[in-house]
Amino acid sequence: MGISKKILVIPGDGIGREVTLWGRTALERVAKKGGHSFTFREGMMGHEAIEATGSPLPEATISLAKASDAILFGAIGHQKYDQDPTLRVRPEQGLLSIRKELGLYANLRPVRLFDELLGASSIREEILRGTDILFFRELTGDVYFGEKKRSGDGNTASDLMIYHRFEVERIAHKAFEAARTRRKKLCSVDKANVLESSRLWRETVQQVAQSYPDVETEHLFVDNAAMQLVREPRRFDVILTGNLFGDILTDEASQIAGSMGMLASASIGDQAGFYEPIHGSAHDIAGKGIANPIASILSAALMLEISFGLKEESASLIRAVETTLRQGFRTMDIADKHTPNARVLGTDAMGGKVVEAIQ
Ligand code: NAD
Numbered sequence: 440m441g442i443s444k445k446i447l448v449i450p451g452d453g454i455g456r457e458v459t460l461w462g463r464t465a466l467e468r469v470a471k472k473g474g475h476s477f478t479f480r481e482g483m484m485g486h487e488a489i490e491a492t493g494s495p496l497p498e499a500t501i502s503l504a505k506a507s508d509a510i511l512f513g514a515i516g517h518q519k520y521d522q523d524p525t526l527r528v529r530p531e532q533g534l535l536s537i538r539k540e541l542g543l544y545a546n547l548r549p550v551r552l553f554d555e556l557l558g559a560s561s562i563r564e565e566i567l568r569g570t571d572i573l574f575f576r577e578l579t580g581d582v583y584f585g586e587k588k589r590s591g592d593g594n595t596a597s598d599l600m601i602y603h604r605f606e607v608e609r610i611a612h613k614a615f616e617a618a619r620t621r622r623k624k625l626c627s628v629d630k631a632n633v634l635e636s637s638r639l640w641r642e643t644v645q646q647v648a649q650s651y652p653d654v655e656t657e658h659l660f661v662d663n664a665a666m667q668l669v670r671e672p673r674r675f676d677v678i679l680t681g682n683l684f685g686d687i688l689t690d691e692a693s694q695i696a697g698s699m700g701m702l703a704s705a706s707i708g709d710q711a712g713f714y715e716p717i718h719g720s721a722h723d724i725a726g727k728g729i730a731n732p733i734a735s736i737l738s739a740a741l742m743l744e745i746s747f748g749l750k751e752e753s754a755s756l757i758r759a760v761e762t763t764l765r766q767g768f769r770t771m772d773i774a775d776k777h778t779p780n781a782r783v784l785g786t787d788a789m790g791g792k793v794v795e796a797i798q
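Here it is as structure tokens:
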């Protein structure tokens with residue numbers, strides 16, 4: 440029997456709108472095929488919302504989000520703010536606020552490699568083959584939320600790196616539980632040789648690990664982890680880390696998957712799950728119709744599995760992406776020198792091919 444769900448779509452800025460159309464279309468296709476009823480609403484956030492309402496996260500979007508079962512998000516950001524760091528109202532405040540409003544504390548980022556894209560990465564094939572990593576990035580603490588200060592003369596600035604034990608505990612449990620369903624290996628990444636907040640992180644993870652004796656746990660310093668990730672990515676199964684280190688390491692890991700346009704993420708917490716590509720609004724290609732829509736489609740796949748428990752439907756989206764890549768179709772970011780011009784598609788043509796391939 441089909442299920443009934445309310446989905447909020449927040450396209451955002453730049454390529455956000457271009458790619459989210461395809462995440463949503465994939466969900467519509469799955470609903471139609473499986474006899475499910477998905478109701479879609481649209482909300483504003485980011486630059487678009489600031490222009491329309493003065494706020495990067497209008498109240499209306501918060502209410503819609505709280506009344507939804509899951510949220511499909513695109514990206515936010517605009518050159519105006521990147522070029523002027525003194526602007527006080529900024530698109531990214533919308534994203535930080537919605538994470539707080541929805542109590543989203545864990546960001547899951549699977550780095551799955553499609554064999555067809557082995558040649559698209561800047562890393563050698565033999566190093567990459569077989570890589571399958573699941574990142575757990577903490578979302579509510581760290582320098583992003585710690586106190587920010589600037590001295591009176593403007594010449595000194597600080598951001599407080601802060602973690603509370605409960606924040607580390609709750610995400611650590613999620614990460615260990617996930618490791619149990621995978622290859623039973625968990626690597627916690629910190630900088631405990633230098634940072635007090637990392638020492639609390641490591642101590643807490645060590646304590647939580649005692650409840651999961653079947654999971655092999657290791658601790659790496661972030662500088663070493665950054666190096667190991669490109670040296671031997673296959674050695675990793677679940678990687679658990681804080682907000683800042685996770686932000687950086689997952690962008691690095693996107694190169695394993697070939698492009699930023701291939702990586703999806705899920706943010707989970709107390710309420711509706713929040714699903715989004717890891718990339719931003721990509722000003723350099725926005726409006727050109729060439730953005731890769733696959734990360735949005737894979738975000739929809741994560742929503743189906745995590746928020747709705749529709750494992751088979753989720754797998755059908757991943758298989759559709761695989762089929763499309765196997766047929767030789769590429770967007771510009773994942774094309775290599777062997778891809779014929781005729782097979783390099785724009786956003787809509789690529790999105791259309793994947794949706795067509797959903798079984
Ligand atoms: P970005 O992720 O937007 O782009 C980085 C590079 O990857 C660019 O060259 C871009 O063309 C390419 N790229 C990204 N997504 C792609 C896709 N789907 N297909 C093909 N190529 C793709 O990062 P940036 O350039 O550092 O930031 C641009 C704006 O996005 C900034 O305003 C930033 O604040 C914002 N941003 C938002 C989020 C978010 O909404 N979650 C995340 C990161 C950056």
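Heads up: the sequence shown is residues 440 to 798, going by this note's numbering. Don't be surprised by glycine CBs; every beta carbon is placed ideally from N, CA and C.
### Query
Going by DSSP, which residues form a beta bridge with Ser476?
Here residue 476 refers to the residue found at position 37 when the sequence shown is read from its first residue. Note: Ser476 sits in a beta bridge opposite Ser443.
### Inter-residue spacing [alpha-carbon to alpha-carbon] between Phe574 and Ala614
Mapped onto the sequence shown, residue 574 falls at position 135. Mapped onto the sequence shown, residue 614 falls at position 175. Each residue's Cα considered, the two are about 8 Å apart.
### Query
Is Met483 near the ligand NAD, judged by its Cβ being under 7 Å from some heavy atom?
Looking up residue 483 in the sequence shown gives position 44. Checking every heavy atom of the ligand NAD against the Cβ of Met483, none is found closer than 7 Å.
### Message
Along the chain, where does the beta strand (DSSP E) containing Glu565 start, and where does it finish?
### Response
Sequence index remark: in the sequence shown, residue 565 carries index 126 (1-based). Taken as a continuous stretch (DSSP letters only), Glu565 belongs to no beta strand (DSSP E), being part of the alpha helix (DSSP H) at Glu564 to Leu567.
### Query
Relative to the alpha-carbon of Ile572, which residue among His486, Val661, Glu565 and Leu702 has its alpha-carbon at the smallest distance?
Taking the sequence shown and counting its residues from 1, one reaches residue 572 at position 133. Answer by Cα proximity: Leu702.
### Task
Keeping to the same chain, check which residues put their C-beta closer than 8 Å to that of Asp581; ignore five residues upstream and five downstream.
Sequence index remark: in the sequence shown, residue 581 carries index 142 (1-based). Cβ within range, chain order: Met600, Ile601, Tyr602, Ser636, Gly681, Asn682 and Leu683.
### Query
Does the ligand NAD have a heavy atom nearer than 7 Å to the CB of Glu540?
For this step, residue 540 is matched to residue 101 along the sequence shown. No, the beta carbon of Glu540 sits no closer than 7 Å to any heavy atom of the ligand NAD.
### Query
Does DSSP put Pro530 in a helix, in a strand, or in coil?
Within the sequence shown, the letter at position 91 stands for residue 530. If DSSP states are grouped into helix, strand and coil, Pro530 belongs with the helices.
### Query
Cβ of Gly455 less than 8 Å from any chain B Cβ?
Among the chains in the structure shown there is no chain B, since it carries only a single protein chain.
### Query
For Ser561, which of helix, strand or coil comes out of DSSP?
Taking the sequence shown and counting its residues from 1, the one referred to as residue 561 is at position 122. Coil.
### Message
Excluding the 5 residues flanking Phe660 on each side, which residues of the same chain have their C-beta closer than 8 Å to its C-beta?
### Response
For this step, residue 660 is matched to residue 221 along the sequence shown. Within the same chain, Val628, Asp629, Lys630, Ala631 and Asn632 come within 8 Å of Phe660 by CB-CB distance, once the 5 residues on both sides are set aside.
### Message
With a threshold of 7 Å (Cβ to nearest heavy atom), would Ile454 be considered close to the ligand NAD?
### Response
The sequence position of residue 454 within the sequence shown is 15, counting from 1. In this structure, Ile454 has its beta carbon less than 7 Å from a heavy atom of the ligand NAD.
#### Entry: Distance between Ile454 and Ala721 (C-alpha atoms, nearest Å)
Walking along the sequence shown from the start, residue 721 turns up at place 282. Walking along the sequence shown from the start, residue 454 turns up at place 15. So the two alpha carbons sit approximately 6 Å from each other.
### Task
Compute every distance between the C-beta of His603 and the non-hydrogen atoms of the ligand NAD, then say whether any falls below 7 Å.
As a position in the sequence shown, residue 603 is number 164, starting the count at 1. Checking the Cβ of His603 against the ligand NAD gives no.
### Query
With DSSP run on the structure shown, which of helix, strand or coil describes Lys727?
To locate residue 727, count along the sequence shown from 1; it is residue 288. Taken through DSSP and simplified to helix, strand or coil, Lys727 comes out as coil.
### Task
Return the chain-ordered list of same chain residues with a C-beta closer than 7 Å to the C-beta of Ser597, the five sequence neighbours on each side being excluded.
On the sequence shown, position 158 is the one that residue 597 refers to. Lys588.
#### Entry: Every unbroken alpha helix (DSSP H) within the stretch 637-719, with a cutoff of 4 residues, ordered by chain
As far as the stretch 637-719 is concerned, its whole alpha helix (DSSP H) runs of at least 4 residues are 661-670 and 682-693.
### Message
When you compare the CB positions of Ser706 and Ile717, do they come within less than 8 Å of one another, or not?
### Response
As a position in the sequence shown, residue 706 is number 267, starting the count at 1. As a position in the sequence shown, residue 717 is number 278, starting the count at 1. The answer is no: Cβ separation not under 8 Å.
### Message
Does the distance between the C-beta of His475 and the nearest non-hydrogen atom of the ligand NAD fall short of 7 Å?
### Response
In the sequence shown, counting from the first residue as 1, residue 475 sits at position 36. His475: no, Cβ never under 7 Å from the ligand NAD.
### Query
Which residues in the same chain as Asp772 place their Cβ atom closer than 6 Å to its Cβ, once the five residues preceding and following it in sequence are excluded?
Locating residue 772 in the sequence shown gives position 333, counting from the first residue. If you ignore the 5 residues before and after Asp772, its C-beta comes within less than 6 Å of the C-beta of Ser698, Gly700 and Asn731, all in its own chain and listed in chain order.
### Query
In whole angstroms, what is the alpha-carbon distance linking Ala711 and Ala740?
The residue given as residue 711 occupies position 272 in the sequence shown. The residue given as residue 740 occupies position 301 in the sequence shown. Those two C-alpha atoms are separated by around 15 Å.
### Where Ala514 falls: helix, strand or coil (DSSP)
By 1-based counting over the sequence shown, the position of residue 514 is 75. DSSP places Ala514 in strand when its eight states are reduced to three.
#### Entry: Span of the alpha helix (DSSP H), counted from its first residue to its last, around Leu625
Here residue 625 refers to the residue found at position 186 when the sequence shown is read from its first residue. The continuous stretches of alpha helix (DSSP H) do not include Leu625, which lies in the beta strand (DSSP E) extending over residues Lys624 to Asp629.
### Task
Please go through the same chain and pick out, in chain order, the residues whose beta-carbon is closer than 6 Å to the beta-carbon of Phe469, but skip the five residues on each side of it.
On the sequence shown, residue 469 is found 30 positions in, with the first residue counted as 1. Contrary to the premise, residue 469 reads as Val rather than Phe in this sequence. Cβ within range, chain order: Glu752.
### Query
How far does the alpha helix (DSSP H) with Ile797 in it reach, from first residue to last?
Counted from its first residue, the sequence shown places residue 797 at position 358. Counted as a single uninterrupted DSSP element, the stretch harbouring Ile797 is not any alpha helix (DSSP H), since DSSP gives it neither H nor E.
### Message
At the level of alpha carbons, what is the spacing between Ser561 and Arg568?
### Response
Position 122 of the sequence shown, counting from 1, holds the residue named residue 561. Position 129 of the sequence shown, counting from 1, holds the residue named residue 568. If you take the alpha carbons of Ser561 and Arg568, they lie about 13 Å apart.
### Task
Assuming Val448 and Thr459 form a contact by the criterion Cβ under 8 Å, report the distance between their Cβ atoms to the nearest whole angstrom.
For the purposes of this step, residue 448 is identified with residue 9 of the sequence shown, where counting begins at 1. For the purposes of this step, residue 459 is identified with residue 20 of the sequence shown, where counting begins at 1. Taking a contact as a CB-CB distance under 8 Å, the pair Val448 and Thr459 counts as one, their CB atoms being some 6 Å apart.
### Message
Cutting at 7 Å between CB atoms, please list the residues of its own chain near Leu634, excluding the five before and the five after it.
### Response
Within the sequence shown, numbered from 1, the residue matching residue 634 stands at position 195. These residues qualify, in order along the chain: Met600.
### Message
Runs of 3 residues minimum, wholly inside the stretch 577-620: which ones carry the beta strand (DSSP E) assignment?
### Response
The stretch 577-620 contains these whole beta strand (DSSP E) runs: 587-589 and 596-598.
### Query
Exposed or buried, Lys444, counting other C-beta atoms within 10 Å across all chains shown (16 or more means buried)?
Taking the sequence shown and counting its residues from 1, one reaches residue 444 at position 5. Answer is buried; the Cβ neighbour count reaches 16.
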